[in-house]
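Following: one structure in structure tokens, then a few remarks.
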Amino acid sequence: MLAYALRRVLLIIPTLLAIILANFVIVQAAPGGPVDQLIAQLKGTAGGTLARVSGGGGELAASSTNASQSRGARGLDPEFIKQIQKLYGFDKPPAERFLLMLRNYLTFNFGTSFYSDRPVIRLIADKLPVSISLGLWTTLITYLVSIPLGIRKAVRDGSRFDVWSSGVIIVGYAIPGFLFAVLLIVLFAGGSYLSWFPLRGLVSDNWSSFGWPHRVLDYLWHIALPVLSLVIGSFASLTMLTKNCFLDEIGKQYVVTARAKGLSERRVLYGHVFRNAMLLVIAGFPAAFVSILFTGALLVEVIFSLDGLGLLGFQAAIGRDYPIMFATLYIYTLVGLVLKLLSDLTYMLVDPRIDFGTRGA
Numbered sequence: 440m441l442a443y444a445l446r447r448v449l450l451i452i453p454t455l456l457a458i459i460l461a462n463f464v465i466v467q468a469a470p471g472g473p474v475d476q477l478i479a480q481l482k483g484t485a486g487g488t489l490a491r492v493s494g495g496g497g498e499l500a501a502s503s504t505n506a507s508q509s510r511g512a513r514g515l516d517p518e519f520i521k522q523i524q525k526l527y528g529f530d531k532p533p534a535e536r537f538l539l540m541l542r543n544y545l546t547f548n549f550g551t552s553f554y555s556d557r558p559v560i561r562l563i564a565d566k567l568p569v570s571i572s573l574g575l576w577t578t579l580i581t582y583l584v585s586i587p588l589g590i591r592k593a594v595r596d597g598s599r600f601d602v603w604s605s606g607v608i609i610v611g612y613a614i615p616g617f618l619f620a621v622l623l624i625v626l627f628a629g630g631s632y633l634s635w636f637p638l639r640g641l642v643s644d645n646w647s648s649f650g651w652p653h654r655v656l657d658y659l660w661h662i663a664l665p666v667l668s669l670v671i672g673s674f675a676s677l678t679m680l681t682k683n684c685f686l687d688e689i690g691k692q693y694v695v696t697a698r699a700k701g702l703s704e705r706r707v708l709y710g711h712v713f714r715n716a717m718l719l720v721i722a723g724f725p726a727a728f729v730s731i732l733f734t735g736a737l738l739v740e741v742i743f744s745l746d747g748l749g750l751l752g753f754q755a756a757i758g759r760d761y762p763i764m765f766a767t768l769y770i771y772t773l774v775g776l777v778l779k780l781l782s783d784l785t786y787m788l789v790d791p792r793i794d795f796g797t798r799g800a
């Protein structure tokens with residue numbers, strides 16, 4: 440297992456390089472970058488004002504009175520455009536920019552945001568608690584609900600409980616998480632009926648002045664509706680996957696043999712079937728967690744005014760804020776690869792018969 444884990448860790452490096460290189464090439468070819476956007480803004484400014492632009496590691500002040508003299512048919516002064524390109528680091532060849540970016544990423548130095556003039560690592564650190572809260576609570580509750588429910592549906596396959604619970608699951612799966620979030624706001628957050636829950640933020644404004652028990656309750660009070668809206672759309676597929684895995688295992692010969700030996704149904708189910716049936720469920724954990732943590736919560740963050748990584752990455756993509764775009768991609772990929780490795784190691788612990796280390800032998 441140790442040798443396999445070491446090989447997987449070493450494979451993370453070229454995988455990260457390939458993904459970041461592909462994204463770098465695609466982004467460089469996309470029109471409407473930060474230089475183009477700044478030029479468009481300068482062409483739209485009124486004469487006599489001061490256009491001041493902050494960027495990664497530098498600051499440029501240019502009088503729009505002087506800039507307006509070179510506008511019109513000739514456009515902006517080429518020297519001025521070169522200054523803008525230098526400001527954003529586009530004065531270097533693409534290969535040099537890519538190598539410089541990789542060297543900085545080894546120390547998690549993601550530079551400065553083009554538009555907010557703040558270090559990218561500071562921006563990500565500020566948004567991370569929101570996304571982690573949503574991702575961890577949603578994943579935890581989804582698994583705690585889906586696995587017991589899927590097992591019960593498998594044991595009582597074809598019963599009235601299985602039929603009506605499947606109907607509820609299908610309805611929950613059919614409703615998008617953001618639509619359910621709107622419904623929860625209308626019903627319970629002061630939309631039209633009740634005002635039991637807050638509408639925005641992860642904690643109250645005066646949260647730091649509370650005692651610890653009050654802080655925990657306030658945090659849970661704020662996170663309840665966003666997490667519930669994400670859980671509704673997440674638990675359906677996991678429940679049906681758990682049920683199908685158990686049904687597949689229950690019909691195998693070793694289960695018939697265990698029952699013939701006189702073992703109790705509980706012993707057969709949790710001592711023999713559970714370990715084998717949980718393999719696919721465990722294998723899907725990294726994808727489920729990363730999806731909820733980084734992508735699934737985007738609209739929910741917007742609806743509940745939760746300023747997390749999903750919203751940050753979306754705004755960076757819209758504004759072509761390359762340092763934030765590359766940094767979030769780097770973190771997403773790294774977390775995903777590490778979780779996939781942990782998933783494989785857990786796979787081997789659950790079923791000792793599986794040995795990825797000797798698979799290629």
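Residue 790 in the numbering used here is what sits at position 351 of the sequence shown, and the numbering runs on without skipping anything. Positions of the beta carbon are idealized from the N, C-alpha and C atoms, including for glycine. The model shown is predicted, which means the values in this text are computed figures rather than measured ones.
In the DSSP output, what is residue i paired with across the bridge?
i: residue 634; result: 628
i: residue 551; result: 558
Whole-angstrom Cβ separation of residue i and residue j, contact assumed at under 8 Å?
i: residue 637; j: residue 628; result: 7 Å
i: residue 654; j: residue 743; result: Going by Cβ atoms, the distance from residue 654 to residue 743 rounds to 19 Å, so no, they are not a contact pair.
i: residue 607; j: residue 745; result: The pair is not a contact, with the Cβ atoms about 27 Å apart (cut-off 8 Å).
i: residue 694; j: residue 670; result: Residue 694 to residue 670, Cβ: 31 Å. No contact.
i: residue 454; j: residue 776; result: 6 Å
i: residue 766; j: residue 563; result: 6 Å
i: residue 577; j: residue 673; result: 6 Å
i: residue 604; j: residue 588; result: 7 Å
i: residue 618; j: residue 626; result: That belief does not hold up - the Cβ atoms of residue 618 and residue 626 are roughly 13 Å apart, past 8 Å.
i: residue 573; j: residue 747; result: 7 Å
i: residue 809; j: residue 721; result: Since the first residue shown for the chain is 440 and the last is 800, residue 809 is missing from the structure and cannot be characterised.
Please list the terminal residues of the continuous alpha helix (DSSP H) segment that includes residue i.
i: residue 640; result: Note, residue 640: premise wrong, no alpha helix (DSSP H); not H, not E.
i: residue 603; result: 599–613
i: residue 537; result: 533–544
i: residue 749; result: 748–758
message: Would you call the region 642–662 in contact with the region 537–553, where contact means no fewer than 3 C-beta pairs closer than 8 Å?
response: no
message: Below 8 Å, how does it come out for the region 698–716 and the region 536–543: are there three or more Cβ pairs, yes or no?
response: no
- request: Quick one: which unbroken alpha helix (DSSP H) runs of 4-plus residues sit fully inside the region 664–738? Chain order, please.
  value: 692–699, 704–707, 713–722 and 724–729
- prompt: Is the region 748–755 close to the region 580–594, with three or more CB pairs under 8 Å?
  reply: no
message: When you compare the region 649–667 with the region 604–613, are there three or more beta-carbon pairs, one atom per stretch, that lie closer than 8 Å?
response: no
field: At least 3 beta-carbon pairs within less than 8 Å: the region 683–694 vs the region 665–674
entry: no
- prompt: Would you call the region 761–781 and the region 588–596 in contact, with 3 or more CB pairs under 8 Å?
  reply: no
message: Quick test of the definition: if touching needs 3 or more C-beta pairs under 8 Å, does the region 781–789 touch the region 552–559?
response: no
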